[in-house]
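What follows is a short report on a single structure.
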Amino acid sequence: MRINGSVISRLAELYGDKKISQKLLFESVKSFSDLGNAVFCLKCKTAVFSSAAMGEDAYSTTIVQAEKAVISAKKAVTSAVIALNRMAERAELEPVYEGDANDVEALYSAVLDYYKNGIA
12 MRINGSVISR
22 LAELYGDKKI
32 SQKLLFESVK
42 SFSDLGNAVF
52 CLKCKTAVFS
62 SAAMGEDAYS
72 TTIVQAEKAV
82 ISAKKAVTSA
92 VIALNRMAER
102 AELEPVYEGD
112 ANDVEALYSA
122 VLDYYKNGIA
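And the structure:
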């Protein structure tokens, strides 16, 4: 399963002048970016956070914060994809994501692929 970027672009064209839909669209795509950034931060933890200047307590706290950011971003992405799919359905477009939005790991993987390939 993958995130359909062309549907997101089409939704942006259709709803670009409607404030509520525009805000939802922006926040949804931003949640994809937030998830990508949180995962990147967590993956780079040893390179970025384990400098000699940082004590062990500060390092542990930073890792916990990064892990919480990933969990929070995953929840936001699930909500965003459900909302985007509803918008697409109302606009009679194909879904933004065809998989089960509650299958967090599959959705998570699709969003990270979308994030890596560039967000519209």
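All residue numbers for the sequence shown refer to my numbering, where the first residue is 12 and numbers rise by one. A virtual CB, placed ideally from N, CA and C, is assigned to each residue, including glycine.
Worksheet entry | Own chain partners of I11 with C-beta closer than 7 Å, once the 5 adjacent residues on each side are dropped | In the structure as shown, the chain begins at 12 and stops at 131. Residue 11 is therefore absent and cannot be evaluated.
Next item on the list: Taking all protein chains shown into account, decide if I19 is buried (16 or more other Cβ within 10 angstroms of its Cβ) or exposed.
Entry: Burial call: buried.
Return the CA-CA distance between A112 and V75, expressed in angstroms with no decimal places. Put simply, the backbone Cα of A112 is about 25 Å away from that of V75.
Practice task
Please report how far the alpha carbon of E100 lies from the alpha carbon of N128, in whole angstroms.
Solution key: If you take the alpha carbons of E100 and N128, they lie about 25 Å apart.
Pick from E24, M98, G27, E78 that is closest to L46, judged by C-alpha positions | Out of E24, M98, G27, E78, the CA that lies nearest to the CA of L46 is found in E78.
Margin query: Classify K34: buried if its beta carbon has 16 or more other beta carbons within 10 angstroms, exposed otherwise.
Written below: So K34 ends up on the exposed side.
Spatial neighbours of A80 within its chain, please: CB distance less than 6 Å, with the 5 preceding and 5 following residues excluded, ordered by chain position. Excluding residues within five positions, the ones whose Cβ falls inside 6 Å are A49.
- [ ] Might you give, ordered along the chain, the residues of its own chain that have their beta carbon closer than 7 Å to the beta carbon of M12, omitting 5 neighbours on each side?
- [x] These residues qualify, in order along the chain: Y108, E109, G110, A117, A121.
| message | Please classify S17 as buried or exposed, where buried requires at least 16 other C-beta atoms within 10 Å of its C-beta. | response | When all chains shown are included, S17 counts as exposed.
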